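Numbering (the UniProt record's numbering), first residue to last: 1 to 256.
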Amino acid sequence: GYPRQLEDDDEFIERDFGDIPAIQQPTIESTSTNYQQVQTHMVGAVVTRAQAKINAQLNSSTIPDTSIEEKSSIDDQPLREEGHEFDVLAIEEAQKIDKLYQTKVLEIQANPIKHTYVLENGILYKLFNCGISTRKLLYVPPTMVKQLLTAYHDVPWAAHFGFHRTYWKLKDKYWWPDMKTTIKNHIHSCLKCRKFNIDRRKAPGLLHPIEAPGGPFQLIGIDYTGPFPITPQGNKYVLAITDYFTKWVIAIPLPN
Numbered sequence: 001g002y003p004r005q006l007e008d009d010d011e012f013i014e015r016d017f018g019d020i021p022a023i024q025q026p027t028i029e030s031t032s033t034n035y036q037q038v039q040t041h042m043v044g045a046v047v048t049r050a051q052a053k054i055n056a057q058l059n060s061s062t063i064p065d066t067s068i069e070e071k072s073s074i075d076d077q078p079l080r081e082e083g084h085e086f087d088v089l090a091i092e093e094a095q096k097i098d099k100l101y102q103t104k105v106l107e108i109q110a111n112p113i114k115h116t117y118v119l120e121n122g123i124l125y126k127l128f129n130c131g132i133s134t135r136k137l138l139y140v141p142p143t144m145v146k147q148l149l150t151a152y153h154d155v156p157w158a159a160h161f162g163f164h165r166t167y168w169k170l171k172d173k174y175w176w177p178d179m180k181t182t183i184k185n186h187i188h189s190c191l192k193c194r195k196f197n198i199d200r201r202k203a204p205g206l207l208h209p210i211e212a213p214g215g216p217f218q219l220i221g222i223d224y225t226g227p228f229p230i231t232p233q234g235n236k237y238v239l240a241i242t243d244y245f246t247k248w249v250i251a252i253p254l255p256n
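Right under this line is the structure:
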């Protein structure tokens, strides 16, 4: 049969585990400005799943979310480091003496709402619409383009990538007029790329030029065409012979 149940369960617990304080449920004190969680300490190493779910909800409701989605700005650009020839912090000074910068600043001041550029902290950015979002790209003046391309292509850790990889590394952060052409010209003028890069394209075949004929039927071309609808004589193919000198054509019908 089943073992006899203890007459007093509390007496059994006190004998083996001692006096266990009562477990109180956590309480929340709320004010108009913040939430403060007041929770008594519990004796015991086990937390039930229901209690863990309550604690997670309380923590998520009391800790504010401080993450802010940021677009491209001068703070997330690569700064100067040892061996790096491009210093993004110098762009602000280079922009101020650039003619395009001065022109766009006047246009933005005249109509800041409907414009494809934006001025933030004295730095000019180019705006691109990408569906539901707008991408903000740092404008690179002509005096800084060479340093930028050197930093993203010529240095050893840039790996001397080709046009497509170099462009994809730059297009989400920077912008300047005729950007693709500038990148192509820079890569084509790189001596190390010209010397060591392997051309993976298939080499063109060797041409065999044909000398012009000096008289009739010195050079002819033969084409075999068909099938065509069968004629009453049973022919359905045509053998065409063309003289390259006189352009004379001879057509011979054939059954097969």
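C-beta: ideal position from N, C-alpha, C; glycine also. Note that the structure is a prediction, hence the values are computed from the model and not measured.
Exercise. Label Val-43 either buried or exposed according to how many other C-beta atoms from any shown protein chain fall within 10 Å of its C-beta, with 16 as the threshold for buried.
Key: Confidence at Val-43 is low in this model, with a pLDDT of 43, below 50, so the placement of that residue should be treated as unreliable; the coordinate-derived value is given next. It counts as exposed.
Quiz item: Straight-line CA distance for Ser-133 to Leu-149?
Solution: 27 Å
Exercise. Give the range of the alpha helix (DSSP H) segment to which Arg-194 is assigned.
Key: 191-196
Practice problem: For Asp-178, count neighbouring C-beta atoms within 10 Å of its own C-beta (all shown protein chains included) and say buried if the count is 16 or more, exposed if not. | Solution: exposed
Practice problem: Count the other CB atoms, across all protein chains shown, that sit within 10 Å of the CB of Asp-223; report buried if there are 16 or more and exposed otherwise. | Solution: exposed
Quiz item: Hey, how far is the Cα of Leu-106 from the Cα of Thr-143?
Solution: 21 Å
Quiz prompt | Where the beta strand (DSSP E) containing Lys-136 begins and where it ends | solution = 133-139
Self-check item: Length at least 4, wholly inside the segment 136-215: the alpha helix (DSSP H) runs in chain order
Solution: The qualifying runs are 142-149, 163-170, 179-188, 191-196.
Exercise. List the whole-angstrom C-beta distance separating Thr-242 from Gly-221, where the pair is believed to meet the contact cut-off of C-beta under 8 Å.
Key: 5 Å
Quiz item: Are there 16 or more other CB atoms within 10 angstroms of the CB of Ile-250, so buried, or fewer, so exposed?
Solution: exposed
Quiz item: With burial defined as no fewer than 16 other Cβ atoms inside 10 Å of the residue's Cβ, what is the status of Asp-98: buried or exposed?
Solution: Counting the other Cβ atoms within 10 Å of the Cβ of Asp-98 gives 16 or more, which makes it buried.
Self-check item: Buried or exposed (CB count within 10 angstroms, at least 16 for buried), Gly-166
Solution: Reading the sequence as shown, one finds Thr at residue 166 and not Gly. By the neighbour-count rule (16 or more Cβ atoms within 10 Å), Thr-166 is buried.
Self-check item: Pairwise C-alpha distance: Leu-119 and Leu-127
Solution: 10 Å
Quiz item: Do the CB positions of Tyr-139 and Trp-175 come within less than 8 Å of each other?
Solution: yes
Practice problem: Report yes if the CB atom of residue 257 is closer than 8 Å to the CB atom of Leu-219, and no otherwise. | Solution: Since the first and last residues shown for the chain are 1 and 256, residue 257 lies out of range.
Quiz item: Apart from the five residues just before and just after Asn-256, which ones in its own chain have a Cβ nearer than 7 Å to its Cβ?
Solution: Tyr-237
Exercise. Look at the Cβ atom of Ile-108, then the Cβ atom of Tyr-117, and state whether they are nearer than 8 Å.
Key: yes
Quiz item: Hey, residue 260 and Tyr-125: beta-carbon distance below 8 Å or not?
Solution: Nothing about residue 260 can be reported from this structure: the residues present for the chain run from 1 to 256 only.
Quiz prompt | Nonlocal neighbours in the same chain, by C-beta distance under 8 Å from Ala-90, ignoring five residues either side | solution = Met-144
Quiz item: Is the CB-CB distance between Phe-161 and Lys-184 below 8 Å?
Solution: No. Outside cutoff.
Quiz item: Alpha carbon to alpha carbon, how far is Pro-229 from Asn-235?
Solution: If you draw a straight line from the Cα of Pro-229 to the Cα of Asn-235, it comes to about 8 Å.
Quiz item: What number of angstroms, rounded off, separates the C-alpha of Ala-158 from the C-alpha of Leu-170?
Solution: Each residue's alpha carbon lies about 12 Å from the other.
Quiz item: Do His-244 and Pro-213 have their C-beta atoms within less than 8 Å of each other?
Solution: The displayed chain sequence assigns Tyr, not His, to residue 244. It is a contact, given that the beta carbons lie within the stated cut-off.
Practice problem: Would you mind working out which of Cys-130, Cys-193, Asn-121, Pro-112 sits nearest Val-155, comparing C-alpha positions? | Solution: Cys-193
Quiz item: So Ile-54 and Gln-95 are in contact, right, with Cβ under 8 Å, and what is the actual spacing, rounded?
Solution: No, Ile-54 and Gln-95 are not in contact; Cβ-Cβ is about 55 Å, not under 8 Å.
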